[in-house]
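Numbering follows the working numbering, with no gaps: position 279 of the sequence shown is 272.
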Amino acid sequence: MKKTTVFLLAGIVLFCMAVAAGLLLRTEQKDESNGTIKIGVAIYYGDDTFISNVTNSLSDIVAKYEQETGVRLYLGTADAQGKQETQNNQIERFLALDYDVLAVNLVDRTNAAYIIDKAMAKNVPVIFFNREPVQADLQKWDRLCYIGTDAVENGRLEGSIVVDAYHADRAALDKNGDGILQYIMIEGEIRHQDAVIRTEESIQAIRDAGIAVEKLDGGIADWERSQAAALAEQYFREYGDQIEVIICNNDDMALGVIDTIDRLGLDFRSVVGIDGTPQGLKAVQEGRMLGTVVIDYQAHAELIFQAAYALATGQRAEDVMQVGQDRSIRAPMYVVKSE
Ligand code: GAL
């Protein structure tokens, strides 16, 4: 009697779970049968300005493509909030829900192998973007690629903005007239390839132009405006007028520096950044920054879409765009300087 009740209860519980799972799957896989292409986008941190510009632009492109062609597309996005473990779970979920292609902005660029193995097992192609996996991982499969900018060129172009400003008005930059540019460097995340390379190359470009430099100080602000503002406050209090230029690995951090300049009531305009975010470009136009290197986020999103569509429809990325030997596709960039 007791046994029968237990079996009955277990049966009811199992039945309910199956119905719930079925419903869940049906809502999330709603269009599988009518040929909808499902693109899963996994981002490292939704609050990052540049990344949210890219993903917003990607949704616009997808909506426009659907409207113009009638092809049915579904874009699912997942924000890992800076945790690789969360991202791994999100990827597994996309795969369980039969997404056709994944676009992954890794939290930890050394973690690609885990995601690649899972995706390969389900034959789902992966486009990594902005945070570049190591070559050994990218070369594992011809249905993988990377979309990002060339960090060396990012850095060299940023350095060229300082060089041009120096040649245009040397006294405005080399304020103490000692022939050496005293600078502060504000960097993105510690293990991010863009941060490391941009830091080195921006300074190298200035040196290569024959301008001597001296680093007063520098710190890591994780690409964030508020962290950069706090660092800048510390540097202005410590070095004051000795600071001649502040080089930032991205625009949000440059804007943080400008926030501090405003708060302290200083007249300091020798700040450079990278990204060309709308707010960054505004600061350049207003002459509050020497310039920025625009990484065209719309072009970035367009490339991600083209690669995703090709891979999801059985083509190779190289059939529709230029893919390097290193399986990378490089997004364009250009300089915008203040007048
Ligand atoms: C960089 C970009 C930064 C930040 C970072 C995140 O390429 O310049 O602003 O978005 O990627 O990985």
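Using N, Cα and C, we set each Cβ at its ideal position, and we do this for glycine too.
| Query | Result |
| --- | --- |
| Nearest-angstrom Cα separation, counted from G233 out to L51 | 43 Å |
| Given 8 Å, three or more beta-carbon pairs between the stretch 292 to 305 and the stretch 39 to 50 | yes |
| Touching by the beta-carbon criterion (3+ pairs, under 8 Å), the stretch 238 to 253 and the stretch 272 to 282 | yes |
| Residue of P271, A205, I251, T270 minimising C-alpha distance to S263 | I251 |
| Nearest candidate by alpha-carbon position, reference L95, set Y67, Q128, A188 | Y67 |
| Endpoints, the alpha helix (DSSP H) within which F87 is located | 77 to 89 |
| Counted within 10 angstroms of its Cβ, other Cβ atoms place E182 as buried (16 or more) or exposed | buried |
| Buried/exposed call for V238, threshold 16 Cβ in 10 Å | buried |
| Presumed contact (8 Å Cβ cut-off) between L88 and A73, rounded CB distance | Between A73 and L88 the Cβ distance is about 15 Å, and since that is not below 8 Å, they are no contact. |
| Cα-Cα separation between P325 and L274, rounded to whole angstroms | 17 Å |
| Exposure of A158, with buried meaning 16 or more beta-carbon neighbours within 10 Å | buried |
| DSSP three-state assignment for L16, whether helix, strand or coil | With a pLDDT of 38 at L16, under the threshold of 50, the modelled position of that residue is not reliable, and no figure is offered here. |
| Y327 classed as buried or exposed, judged by whether at least 16 other C-beta atoms fall within 10 angstroms | exposed |
| Residue from L174, I84, I288 whose Cα sits closest to the Cα of R323 | I288 |
| Length at least 4, wholly inside the stretch 226 to 281: the alpha helix (DSSP H) runs in chain order | 244 to 256, 271 to 278 |
| Sequence-distant residues of its chain with Cβ nearer than 6 Å to D101 (five each side left out) | Q77 |
| Given 8 Å, three or more beta-carbon pairs between the stretch 198 to 216 and the stretch 165 to 177 | yes |
| Where K(-5) sits in the DSSP three-state scheme | For K(-5), the predicted structure reports a pLDDT of 49, less than 50, and the residue's modelled location is therefore unreliable. The matter cannot be settled from this model. |
| Cβ contact (3+ pairs, closer than 8 Å) linking the stretch 141 to 151 and the stretch 177 to 193 | yes |
| Host beta strand (DSSP E) of Q175 (start-end) | 173 to 180 |
| Beta bridge counterpart(s) of Y327 as assigned by DSSP | V287 |
| The ligand GAL heavy atom lying under 7 Å from the CB of G181 | yes |
| C-beta atoms of R140 and A35 nearer than 8 Å | Residue identity check: residue 140 is Ile in the sequence provided, not Arg. No, Cβ-Cβ distance for I140 and A35 is not below 8 Å. |
| C-alpha distance - L224 paired with T270, whole-angstrom precision | 21 Å |
| Sheet register partners of G170 (DSSP bridge) | According to DSSP, G170 bridges with nothing at all. |
| Heavy atom of the ligand GAL within 7 Å of N116 beta-carbon | no |
| Per-residue burial, D93 [other beta carbons within 10 Å of its own, 16 or more giving buried] | buried |
| The beta strand (DSSP E) enclosing I54, as first and last residue numbers | First-last for I54: 42 to 62, but that is the alpha helix (DSSP H), not the beta strand (DSSP E). |
| Local conformation of L99 per DSSP, three classes | coil |
| From G69, V55, E180, residue whose alpha carbon lies closest to that of G63 | V55 |
| Proximity test, W134 beta-carbon vs the ligand GAL heavy atom, cut-off 7 Å | no |
| Cα-Cα separation, A129 to N116 | 19 Å |
| Cβ neighbours of Q80 in the same chain (closer than 6 Å, five flanking residues each side left out) | A35, A73, V100 |
| Pair within 8 Å by beta-carbon distance, V286 and E151 | yes |
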